[in-house]
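Have a look at the structure below, then the notes.
Number of protein chains: 2
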Amino acid sequence: MQGNIKGNQDEPGMIRNIYYDSDAGGVVILNQNLLPGQMEYEKMYNHQDLALAIKQLKIRGAPLIGVAAAFALALAVINYKGPRDQLENYYHEAERLLASSRPTAVNLCWAINKMRVVFEGKKHLNLNDLAEEMLSAAKNMFDEDVTINITIGELGQVLLPPDTQVLTICNAGSLATCGYGTALGVIRSAHKAGKIRQVWACETRPVLQGARLTVWELMQDKIPVTLITDSMAAHLMRLGRIGAVVVGADRIAANGDTANKIGTYSLAVLANYHGLPFYVAAPWSTIDMSIHTGLDIPIEERDAEEVRRLGGKYITVPEVKVFNPAFDVTPAALISGIITEKGIIYPPVEQGLQRQRSAAD
Amino acid sequence: MQGNIKGNQDEPGMIRNIYYDSDAGGVVILNQNLLPGQMEYEKMYNHQDLALAIKQLKIRGAPLIGVAAAFALALAVINYKGPRDQLENYYHEAERLLASSRPTAVNLCWAINKMRVVFEGKKHLNLNDLAEEMLSAAKNMFDEDVTINITIGELGQVLLPPDTQVLTICNAGSLATCGYGTALGVIRSAHKAGKIRQVWACETRPVLQGARLTVWELMQDKIPVTLITDSMAAHLMRLGRIGAVVVGADRIAANGDTANKIGTYSLAVLANYHGLPFYVAAPWSTIDMSIHTGLDIPIEERDAEEVRRLGGKYITVPEVKVFNPAFDVTPAALISGIITEKGIIYPPVEQGLQRQRSAAD
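Residue numbers (the numbering used here), protein chains in the order written: chain A, 1 to 361; chain B, 1001 to 1361.
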């Protein structure tokens, strides 16, 4: 429906989410809150705009908000007009603002750390050149993310047998990344390999990323998709209509416990009960080796109005008390494999992650 | 908020759902589709109106649609103006229409069968007297349902320990019955006994009976309730914030397999995984001894638009394929107890149901 404004690469799963517009001197983002009804790009004039857009979910998905933070930090330097000796304070202030925009996804911190290395290494340059280096680093991060996702897709699709029906939740697709997607990357590669009979997309209350984004993405790529409410997954499993569950991740602890969109843990328990494989697809940057178990992952609680209202209208008694955690944690024991660009980590996941990390060192 | 138009009994959980208005010669129902925003009563002029209202969910809940069918059959006789020798054909036609309005809840058939006994026994009377008998039978069924629910509540509350946090789905409350409720009847009685710390209400997509009806009912009675999306139940269980799950039922097979609102089976698997008791509260009329297992219970599939739209607005790509089963089946093995007015049936449920049935014979 919006084929003319698709990404710079004319390939499935390459939707242009975020880019720097040099003429206008700002970062342009696709406002995902308006999808699938409207495809509207918004210009972000400064890093504060981007921090707010991340908070408001205009731009979301763990890998994408990492890259968005990188662009925001580049923009911070581009915009800086103050005295040179105040630059570092200003930069660290910008880092803090971005890091606090959403607490659960670790990719945000990972990107901020990566950008800090560039900043520290190049801060002796004149401001223009420093800005150029920062922007170039953000763009590289964008390109790298696409490559990583394609690798995740190719590695992960091997796990799916022919004629598979895959269940997914939320949107771990091109809209959650810089292109191709993590969980949807695996599904895209499996689809190319002719293995996908059907994708079941959980609508993903309260923000409906499944109904709004995953359905839209998969329909654009002509991958067969059927929408269900989150409550229907167990029934489908019992009917034998699901072959595997594939989801993304916002943060993976050192022991493999995985934080992802609320409802993911429920699917993991259900998959376990029905003897179905449950896979997590995520870039290595999602793994937080500094956190031992999922208990230590901070879980964002969002505004009650996200649950109480839909499309601006109340769907319940406006005064009702609400609990609205945006994520849950799936214990490693329920995960059949973590698909990263460095390889697939099989159970016992904790040992696998350690091995992979040592190999990389 | 609408205290002035509450039921004829001035007690908690006594909302006037359905009644015969003799002045107007019709049955009046509360249109539950407009709750909690509007409390609007609608007059049903004939049994066809009532069949349509049942199909459209204006009036819903297994016990209540049974009684609604009884009122509809009384209304059919009241309205009959044709030749006397055509009455039986006409009556059977009305029965068929009502029986086909919703396929899963067995209470509809149960009520139709009960009314047929009255019809057969009294059809020798003149039309006015026959109509009077039918109406009186429907009213008795209404009153009996209230008594049954209070009994279910009193028996069931014993199962809950002090300071319990109970999870429920859909609305098995006064709005689903003629008053007091089944699952919410247990919760009401436990609340009276001072045992309820908190009720967690699953919003119950797609039709949101939890968010719209259960929340509203419990808030009216000042029973502490917190709303969650269906996808959050597992996370709450993991946090240790649920002590028991109590749900209603639309049909229970002879072996104890239980059809209830979509999402119930999911909660049963999750409760099992977390070692939590999972109770079903339902009148004996919900038990269908003619059906051996849950595999034989017909599962209603409803219009895809119920999932695609909310409040008239599309929340997804309008053309997306949707699967929309209104119910699922929870196997008896996952049920800790079935609370009926005849007593609590403990596992093994199949044997318990048979024993209880023999005792009643």
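Cβ coordinates follow ideal geometry from the N, Cα and C atoms, glycine included.
- Where R197/A is concerned, the enclosing beta strand (DSSP E) starts and stops at 196-202.
- Relative to L239/A, the option among A1068/B, L1167/B, F1071/B, P1331/B whose CA is nearest is P1331/B.
- Counting the other CB atoms within 10 Å of its CB gives E1217/B a total of 16 or more, which places it among the buried residues.
- Assignment of G1026/B by DSSP, reduced to helix, strand and coil, places it in the strand class.
- Secondary structure of Q1038/B (DSSP, three-state): coil.
- When DSSP states are grouped into helix, strand and coil, F323/A belongs to the coil group.
- Cβ contact annotation for A1070/B (same chain, cutoff 6 Å, sequence separation greater than five): A1111, M1115, A1138, M1141, in chain order.
- Taking all protein chains shown into account, L1295/B has fewer than 16 neighbouring C-beta atoms within 10 Å of its C-beta and is therefore exposed.
- Taking the beta carbon of M232/A as reference, the chain B residues within 7 Å of it are I1262, F1323, P1325, listed in sequence order.
- For A1074/B, the enclosing alpha helix (DSSP H) has its first and last residue at 1062-1079.
- Annotation note: the region 222-260 of chain A contains the following uninterrupted beta strand (DSSP E) runs of length 3 or greater, listed N- to C-terminal: 225-228, 244-247, 251-253.
- Interface flag for I252/A against chain B is unset, since no Cβ pair is found closer than 9 Å.
- The residue from G153/A, L167/A, T229/A with its alpha-carbon nearest to that of A193/A is G153/A.
- Contact with chain A is absent for D1303/B, since none of that chain's Cβ atoms lies less than 9 Å from the residue's Cβ.
- The DSSP-derived three-state label of A282/A is coil.
- DSSP, reduced to helix, strand and coil, places K1043/B within a strand of the structure shown.
- Beta-bridge pairing by DSSP links R1309/B to Y1314/B.
- E93/A carries a helical assignment under DSSP once its states are collapsed to helix, strand and coil.
- With 16 or more other Cβ atoms inside 10 Å of its own Cβ, K1058/B counts as buried.
- Within the model, the alpha-carbon separation for Q198/A versus V146/A is close to 24 Å.
- Between F1119/B and V1077/B, the CB-CB gap stays under 9 Å.
- Taking a C-beta distance under 9 Å as the contact criterion, I148/A and E341/A qualify as a contact pair.
- Contact of I1315/B with chain A is assigned, a C-beta pair being separated by under 9 Å.
- By the Cβ neighbour-count rule, M237/A is buried, with 16 or more other Cβ atoms within 10 Å of its own.
- Exposure of H1292/B is indicated by the presence of fewer than 16 other C-beta atoms within 10 angstroms of its C-beta.
- At least one beta carbon of chain A lies nearer than 9 Å to the beta carbon of N1272/B.
- Within the model, the alpha-carbon separation for L1135/B versus M1289/B is close to 28 Å.
- Less than 9 Å separates the beta-carbon of E301/A from that of P325/A.
- Look at the region 99-121 of chain A: it has no residue with a C-beta under 8 Å from a C-beta of chain B.
- Beta-bridge pairing by DSSP links L1167/B to W1200/B, V1245/B.
- Cβ proximity to chain A below 8 Å picks out P1036, G1037 from the region 1021-1055 of chain B.
- Any Cβ of chain B closer than 9 Å to the Cβ of A131/A would place that residue at the interface, and such an atom is absent.
- I1148/B carries a helical assignment under DSSP once its states are collapsed to helix, strand and coil.
- In the three-state reduction of the DSSP assignment, V1117/B falls in the helix class, which pools H, G and I.
- For S266/A and P161/A, the gap between their C-alpha atoms comes out near 24 Å.
- Judged by DSSP in its simplified three-state form, E1341/B adopts coil rather than helix or strand.
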